[in-house]
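Positions in the sequence shown are counted from 1; adding 800 to them yields my numbering.
Think of the CB as a built atom: it goes at the ideal place given N, C-alpha and C, for glycine as much as any other residue.
Keep in mind that this is a model prediction, so the values were computed, not measured.
Input: a single structure, listed below in structure tokens.
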Amino acid sequence: MKRLGVFALLMLAAGAAAAAAAENHVAAPSAARCGGQTWRLKTFSDLQRTRVDVTAQSTTLGAIRERRGPGRVPTRRTTRYQLHTWEVPAQITAFRLDATGSVRLVLYDDNAYINAVIPAPACLSPRTRQRASILAAWHLFVDKCGHASSEWQSLGAIFFVRGLGFWGGKTPQRGGAPNGAELHPVTGLRVVAGC
Numbered sequence: 801m802k803r804l805g806v807f808a809l810l811m812l813a814a815g816a817a818a819a820a821a822a823e824n825h826v827a828a829p830s831a832a833r834c835g836g837q838t839w840r841l842k843t844f845s846d847l848q849r850t851r852v853d854v855t856a857q858s859t860t861l862g863a864i865r866e867r868r869g870p871g872r873v874p875t876r877r878t879t880r881y882q883l884h885t886w887e888v889p890a891q892i893t894a895f896r897l898d899a900t901g902s903v904r905l906v907l908y909d910d911n912a913y914i915n916a917v918i919p920a921p922a923c924l925s926p927r928t929r930q931r932a933s934i935l936a937a938w939h940l941f942v943d944k945c946g947h948a949s950s951e952w953q954s955l956g957a958i959f960f961v962r963g964l965g966f967w968g969g970k971t972p973q974r975g976g977a978p979n980g981a982e983l984h985p986v987t988g989l990r991v992v993a994g995c
């Protein structure tokens, strides 16, 4: 009888441990949850990530918009724009959460708009390059400027925004560059004014 009681106690403890583990389980990042075919580029966890120069080069939104975009959205880093980290001064005019939980920013400067995206922390994998910098940008934005929702929110804050060159689709979207250029992922933010 004593053995039966010990066995029951062990089974109860094992069941409680399994339930706790299931409750704390976070699904691994995937293409389905984190941005489709290009999610590894968007989260800086692609195979070419080590080829990217992470020293930020100063540029302008206008210069990014003037770049010749590829014919279709690349699934690998094949252009000079994609192999560099860029830093731009910009006003963040609006922001929202996209379908992946990432924060999409509309950047404006000198009559030019482009989008920049801070990936959702849940979409960053252990192999994400500059993971700590991306997380710091996420937390700085959320802590200083407020939580994003699926609805566009106006802002008006001025930042230096640092991020990787990314070619998104040329489909019209709020603040999107006509050539499909974005900064994605954002790897750094410096507040100048606002928030």
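Do the stretch 932-946 and the stretch 964-973 meet, that is, are 3 or more Cβ pairs less than 8 Å apart?
-> no
May I ask you to report which of helix, strand or coil DSSP gives aspartate 846?
-> coil
Cα-Cα, which of Ser902, Arg833 and Gln882 is closest to arginine 851?
-> Gln882
Residue nearest to serine 933 in terms of C-alpha spacing, selected from Arg990, Gln891, Ser950 and Arg904 | Arg990
Starting from the C-beta of arginine 904, find all residues in its chain whose C-beta is less than 7 Å away, skip the five residues before and the five after it, and write them out in chain order.
-> Phe895, Arg896, Asp898, Asn915 and Val917
Would you decide whether arginine 876 is buried or exposed? Buried here means 16 or more other CB atoms lie within 10 Å of its CB.
-> exposed
Hey, out of Ser925, Ser858, Gln953 and Phe960, whose CA is closest to leucine 847's CA?
-> Ser925
Reference phenylalanine 960; option with closest CA among Arg865, Arg868, Ala890 and Ser954 | Ala890
Which residues in the same chain have their Cβ closer than 7 Å to the Cβ of proline 921, if we skip the five residues on either side of it in sequence?
-> Leu935 and Trp938
Which residues does DSSP pair with isoleucine 914 in a beta bridge?
-> Leu907
To which residues of the same chain is alanine 981 closer than 8 Å at the C-beta, ignoring the five residues directly before and after it?
-> Ile864, Arg865, Arg867, Gly869, Tyr881, Ile914, Gly965, Phe966, Trp967 and Gly968
Nearest-angstrom beta carbon gap, alanine 912 and threonine 885 [assumed within contact, 8 Å] = Incorrect: roughly 19 Å between the Cβ atoms, too far for contact.
Please classify serine 830: does DSSP put it in a helix, a strand, or coil?
-> coil
Backbone secondary structure at threonine 838 - three-state DSSP | helix
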